[in-house]
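Q: Okay, handing you the structure first.
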Amino acid sequence: MTNSELDAHPLCQVARALTWGALALFAYGVLAWAAAQPWFALATLEVKTPVAHVTEAQIRLVAERQISGTFFTVDLERVRASLEKLPWVREARVARRWPDTLEVSLIEHVPLARWNDDALVSDAGEVFVAAVADKLPRLTGPEEAVTEVVDAYRRYQATLAPLGVHIDELRLSPRRAWRMRLDNGTQLALGRAETDVRLARFVALYPRLFGTAAADGGTTSVLPVAVDLRYPDGFALRMPDGRVPAAFAPVPHEKPRPT
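Convert by adding 4 to the 1-based position in the sequence shown; the result is the number in my numbering.
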């Protein structure tokens with residue numbers, strides 16, 4: 005039997021396949037053994053991005069608890085998932101850098117407002133739970149309506165911007181009615197329909213009713229305690245102590261000059 009006939013024999017082909025398979029398993033075993041050796045242990049954890057709310061100590065504590073194995077065998081997905089459980093972390097990325105470094109990059113939540121009783125909502129409209137001492141507006145509504153409330157807050161605040169006032173609290177009731185409190189203490193009832201139109205009408209008349217000082221954030225004008233905007237062609241005011249808006253205040257008579 006010639007060499008070519010031997011090579012083509014089924015038993016020779018099976019033996020060749022087994023030989024190559026054994027060599028491949030041996031090579032894999034050698035590589036796996038080498039990768040697990042302490043020569044490739046991770047020695048450095050480097051935080052690549054600046055952080056405002058999460059401390060580097062927290063990052064290191066969480067990451068190092070999840071790091072097992074070496075440069076080649078560390079479970080990057082496990083480390084990433086653990087970092088994303090930190091309250092302020094929106095997204096985490098973890099990568100190796102030869103020869104012994106693990107790099108961590110974080111994207112933090114940027115708080116927009118407080119949400120309901122015990123949570124925050126970010127400027128991306130994502131609800132998360134964390135502690136913050138900063139003064140933030142409060143948004144309240146059904147849990148499934150967070151996107152709707154955030155969008156309304158942005159629109160209403162943009163409408164109010166010419167007056168120099170800010171929304172202190174915005175509420176969406178289960179019956180889909182809107183109420184807000186401004187940072188000057190005024191309460192506004194917008195109702196359920198045409199709320200943007202109603203608020204714009206109020207903003208347009210505000211300087212005429214309460215004077216430019218009030219519109220510029222001054223304190224000399226008498227401001228309403230509450231405004232009911234749920235009327236088709238106007239709104240109702242409740243003033244403190246029965247006083248009247250500046251537009252309707254009587255003009256004092258000028259005293260005659262002595263001759």
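Ideal Cβ placement from N, Cα and C applies to all residues, glycine included.
In angstroms with no decimal places, state the Cα-to-Cα distance between L143 and P91.
A: Within the sequence shown, the letter at position 139 stands for residue 143. Within the sequence shown, the letter at position 87 stands for residue 91. So the alpha carbons of these two residues sit roughly 19 Å apart.
Q: According to DSSP, is T151 helix, strand or coil?
A: Within the sequence shown, the letter at position 147 stands for residue 151. Correct three-state label for T151: helix.
Q: Taking the CB atoms as reference points, tell me whether L116 and V55 lie closer together than 8 Å.
A: Here residue 116 refers to the residue found at position 112 of the sequence shown. Here residue 55 refers to the residue found at position 51 of the sequence shown. Going by C-beta atoms, L116 is not nearer than 8 Å to V55.
Q: What separation, rounded to the nearest whole angstrom, lies between the Cα atoms of F214 and S86?
A: Working through the sequence shown from its first residue, we reach residue 214 at position 210. Working through the sequence shown from its first residue, we reach residue 86 at position 82. If I take the Cα positions, the gap works out to 54 Å.
Q: Hey, V207 and T163: beta-carbon distance below 8 Å or not?
A: By one-based count along the sequence shown, residue 207 stands at place 203. By one-based count along the sequence shown, residue 163 stands at place 159. Yes, they are a contact pair.
Q: Let's see if you can read the secondary structure: which residues bound the beta strand (DSSP E) around L192?
A: Along the sequence shown, read from residue 1 onward, the residue named residue 192 stands at position 188. Counting along the chain, the beta strand (DSSP E) containing L192 begins and ends at Q191 to G195.
Q: Can you give the beta carbon distance from V270 to V169, rounded, assuming they're within the 8 Å contact cut?
A: Beyond the ends of the chain as shown, which are 5 and 263, falls residue 270; an answer cannot be given.
Q: For P249, is the classification buried or exposed, using 16 other Cβ atoms within 10 angstroms of its Cβ as the cut-off for buried?
A: Counted from its first residue, the sequence shown places residue 249 at position 245. By the neighbour-count rule (16 or more Cβ atoms within 10 Å), P249 is buried.
Q: If you check the beta carbons only, do E112 and P141 fall under 8 Å apart?
A: If you number the sequence shown from 1, residue 112 lands on position 108. If you number the sequence shown from 1, residue 141 lands on position 137. Not a contact, by the Cβ cut-off of 8 Å.
Q: Can you say whether G73 is buried or exposed, counting buried as having 16 or more other CB atoms within 10 angstroms of its CB?
A: One-based indexing of the sequence shown puts residue 73 at position 69. G73 should be labelled exposed.
Q: Going by CA-CA distance only, name the one from D127, D237, F76 and D232 that's closest to A156.
A: Mapped onto the sequence shown, residue 156 falls at position 152. Here the closest residue by C-alpha is D127.
Q: What are the boundary residues of the beta strand (DSSP E) that S126 is part of?
A: Taking the sequence shown and counting its residues from 1, one reaches residue 126 at position 122. Per DSSP, the continuous beta strand (DSSP E) segment holding S126 begins and ends at A123 to S126.
Q: Which same chain residues end up closer than 6 Å to H57 when comparing Cβ atoms and leaving out the 5 residues on each side of it in sequence?
A: On the sequence shown, position 53 is the one that residue 57 refers to. So the list reads W92 and E112, once near-sequence residues are dropped.
Q: Measuring CA to CA, which of D79, A67 and T105 is closest to E88?
A: One-based indexing of the sequence shown puts residue 88 at position 84. Nearest of D79, A67 and T105 to E88, Cα basis: A67.
Q: Identify, in the order they occur along the chain, each residue of the same chain with its Cβ nearer than 7 Å to the Cβ of D245, setting aside the five sequence neighbours on each side.
A: Locating residue 245 in the sequence shown gives position 241, where the first residue counts as 1. If we look at D245 and ignore the five residues flanking it on each side, it has no Cβ neighbours.
Q: Report all residues from its chain with a CB closer than 8 Å to the CB of A240; omit the five preceding and five following residues, and keep chain order.
A: The residue given as residue 240 occupies position 236 in the sequence shown. Counting only Cβ-Cβ distances below 8 Å, and skipping sequence neighbours, we find V231 and D232.
Q: When the Cα atoms are used, what is the spatial distance from A123 to R84?
A: Residue numbering aside, residue 123 sits at position 119 when the sequence shown is read from its first letter. Residue numbering aside, residue 84 sits at position 80 when the sequence shown is read from its first letter. Whole-angstrom Cα-Cα distance: 23 Å.
Q: Closest to N188 by CA distance: which of R94, F75, A47 and L227 is it?
A: Position 184 of the sequence shown, counting from 1, holds the residue named residue 188. By alpha-carbon distance to N188, the top candidate from R94, F75, A47 and L227 is L227.
Q: What three-state label does DSSP hand V93 in the structure shown?
A: Locating residue 93 in the sequence shown gives position 89, where the first residue counts as 1. Note: V93 maps to strand in three-state DSSP.
Q: Going by DSSP, what residues sit across from F132 in a beta bridge?
A: Residue numbering aside, residue 132 sits at position 128 when the sequence shown is read from its first letter. Paired residues: L124.
Q: For D138, which option in V114, R196, G195 and R247 has the closest C-alpha, if you only look at C-alpha atoms?
A: Here the question's residue 138 lines up with position 134 in the sequence shown. Restricting attention to V114, R196, G195 and R247, the CA atom closest to the CA of D138 is found in V114.
Q: Since A282 contacts R185 with CB under 8 Å, what's their CB separation in whole angstroms?
A: This structure cannot settle anything about residue 282, because the visible part of the chain is limited to 5 through 263.
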